[in-house]
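In the order they appear, the protein sequences are chains A and B. Its first residue numbered 0, the first sequence is counted upward by one per residue in numbering that gives the first Met the number 0. Its first residue numbered 0, the second sequence is counted upward by one per residue in numbering that gives the first Met the number 0.
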Amino acid sequence: MLDLRYYMAQRLSAMVMGPLVLGHLAVMIYAIQGGLSSAEILSRTQGSIAWFLFYGAFVVAVSIHAAIGLRVIVHEVTGLAGRWLEVFTWGTGAALLFMGARAVLAVTMP
Amino acid sequence: MEVAVWRGSGDRGAYQTFSVPAHDNQTVLDVVSWIQQAVDPSLTYRYACRVGMCGSCAMMVNGQPRWTCRTHVKRVLADGRLQIGPLRNLPVIKDLVADMDPFFDKWVKAGGVHKPSRTREEPIQEVSPDDPGRVVANTAIECINCSVCYAACDTVAGNPDYLGPAALQRAWTLYNDVKVQDRQSVLDAVTGTGGCMNCHSQGSCTRFCPNELDPLSAIAGLKRAAARSFLKGRG
Numbered sequence: 000m001l002d003l004r005y006y007m008a009q010r011l012s013a014m015v016m017g018p019l020v021l022g023h024l025a026v027m028i029y030a031i032q033g034g035l036s037s038a039e040i041l042s043r044t045q046g047s048i049a050w051f052l053f054y055g056a057f058v059v060a061v062s063i064h065a066a067i068g069l070r071v072i073v074h075e076v077t078g079l080a081g082r083w084l085e086v087f088t089w090g091t092g093a094a095l096l097f098m099g100a101r102a103v104l105a106v107t108m109p
Numbered sequence: 000m001e002v003a004v005w006r007g008s009g010d011r012g013a014y015q016t017f018s019v020p021a022h023d024n025q026t027v028l029d030v031v032s033w034i035q036q037a038v039d040p041s042l043t044y045r046y047a048c049r050v051g052m053c054g055s056c057a058m059m060v061n062g063q064p065r066w067t068c069r070t071h072v073k074r075v076l077a078d079g080r081l082q083i084g085p086l087r088n089l090p091v092i093k094d095l096v097a098d099m100d101p102f103f104d105k106w107v108k109a110g111g112v113h114k115p116s117r118t119r120e121e122p123i124q125e126v127s128p129d130d131p132g133r134v135v136a137n138t139a140i141e142c143i144n145c146s147v148c149y150a151a152c153d154t155v156a157g158n159p160d161y162l163g164p165a166a167l168q169r170a171w172t173l174y175n176d177v178k179v180q181d182r183q184s185v186l187d188a189v190t191g192t193g194g195c196m197n198c199h200s201q202g203s204c205t206r207f208c209p210n211e212l213d214p215l216s217a218i219a220g221l222k223r224a225a226a227r228s229f230l231k232g233r234g
């Protein structure tokens, strides 16, 4: 059910997510110290290639990591296997990527 | 004491309760044998050596897998009761006898057969007991194939293709055996869809192994070796 490629994809995406989560939390805590409105946040993120790459990388990593994690849970709990398990895995990844990409584009596109 | 014993074959069956005289020194296998000899000769169970060497007599005792010949009743008795069933995660043949075929089939599938790197015409390869690989391999060679780890494993319960702790520990032994030259083939056998990567590191195998072996660490070793192999482009 979990071959070496899926396993490595999940581990490597976790390695990408780790520092990005810490970076996100650190910036959040730093940014709200003096009070910060949504408009002020968007003025900093919109048009920023750096924030697009930062959150874009996070969304890609989450899509890969969560899709494989849910694949394992669904297989072990429901017994789903074969082609439908592949459809579930790739469908979940694509849905997360789509939703995440929409959010990233909304806050980083000028 | 009250002893509930699983009776039935295949998927069908139920627990049948027997009253068994308690003794100071009494193993769970003694209890099963007493029922079979004194009450119901049709009770089916499996044992051989009675001293913890053959791995035949493992059963579920009060919900946990144990080698029954070395498990004293006093240690596992709960409120004066015992519940004894066939090993988990394996098909039941009859009563307390589980079908061990899936367990041993996976042992073979995981490449458990030793493939020598020298022929009989060549001199015997010397192996130093201090060789680091040999030291690691030695940690797992006391496995008696009792399937207690396999019955304890929740990953096997949820994922029937998973090779299981014993077979993977055997592969880790071969991977570290200095006499095995084709290590990549060992890794290839345990990195398929039911391979070592499916382990959730819950550790029930190590917790329940009656010989106090550590399949959990062996599987972790296989995962590290597989990841290194993948990053070198051999996955």
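Idealized CB from N, CA, C, for every residue including glycine.
Beta-carbon of residue i versus every beta-carbon of chain A: anything under 9 Å?
i, result
"B:Leu230", "yes"
"B:Asn158", "yes"
"B:Gly111", "no"
"B:Asn250", "Outside the shown range of chain B (0 to 234) lies residue 250 of chain B, about which nothing can therefore be said."
"B:Lys108", "no"
How is the beta strand (DSSP E) around residue i delimited, first residue to last?
i, result
"B:Thr16", "Ala13 to Ser18"
"B:Lys93", "Val91 to Lys93"
"A:Val73", "Not the beta strand (DSSP E): A:Val73 falls in the alpha helix (DSSP H), residues Ile48 to Thr77."
Tell me the residue span of the alpha helix (DSSP H) that contains residue i.
i, result
"A:Arg43", "Ser37 to Thr44"
"A:Leu24", "Leu3 to Ala30"
"A:Ala100", "Gly81 to Thr107"
"B:Arg6", "Premise fails: B:Arg6 lies in the beta strand (DSSP E), Glu1 to Arg6, not in any alpha helix (DSSP H)."
"B:Val75", "Val72 to Val75"
"B:Gln168", "Pro164 to Asn175"
"B:Ala150", "Val147 to Ala151"
"B:Val31", "Val27 to Trp33"
Report all residues from its chain with a CB closer than 7 Å to the CB of residue i; omit the five preceding and five following residues, and keep chain order.
i, result
"B:Glu1", "Thr16, Ser18, Gly79 and Arg80"
"B:Cys53", "Ala47 and Ile143"
"B:Asn236", "Residue 236 of chain B is absent from the model: chain B starts at 0 and stops at 234."
"B:Gly194", "Leu162"
"B:Leu215", "Ser200, Gly202, Cys204 and Thr205"
"B:Met99", "Leu89 and Ser146"
"B:Leu167", "Ala109, Val189, Cys195, Pro214, Ala217, Ile218 and Leu221"
"B:Asp160", "Thr192 and Gly193"
"B:Thr70", "Thr26, Val27 and Val60"
In this structure, how does DSSP classify residue i when only helix, strand and coil are distinguished?
i, result
"B:Ala57", "strand"
"B:Gln63", "strand"
"B:Gln180", "coil"
"B:Gln82", "strand"
"B:Lys231", "coil"
"B:Ala47", "coil"
"B:Val96", "strand"
"B:Thr138", "coil"
"B:Thr118", "coil"
"B:Met52", "coil"
"B:Pro101", "helix"
"B:Ala21", "coil"
Residue i CB to nearest chain B CB: under 9 Å?
i, result
"A:Val76", "yes"
"A:Arg82", "no"
"A:Val86", "no"
"A:Leu69", "no"
"A:Met0", "yes"
"A:Arg43", "no"
"A:Leu21", "no"
"A:Met7", "yes"
Please report the straight-line C-alpha distance between residue i and residue j, rounded to a whole angstrom.
i, j, result
"A:Leu35", "A:Thr44", "13 Å"
"A:Leu52", "A:Gly81", "35 Å"
"B:Pro122", "B:Asp187", "29 Å"
"A:Thr77", "A:Ala30", "43 Å"
"B:Asp181", "B:Arg227", "16 Å"
"A:Leu95", "A:Leu69", "12 Å"
"B:Arg169", "B:Arg117", "20 Å"
Quick one: what's got a C-beta closer than 8 Å to residue i's C-beta in the same chain, skipping five residues either side?
i, result
"B:Leu42", "Val4, Arg6, Val31, Ile34, Gln35, Asp94 and Leu95"
Among residues of its own chain, excluding the 5 on either side of residue i, which ones have a beta-carbon nearer than 6 Å to its beta-carbon?
i, result
"A:Thr189", "The structure shown does not extend to residue 189 of chain A, since chain A is modelled only from 0 through 109, so no value can be given for it."
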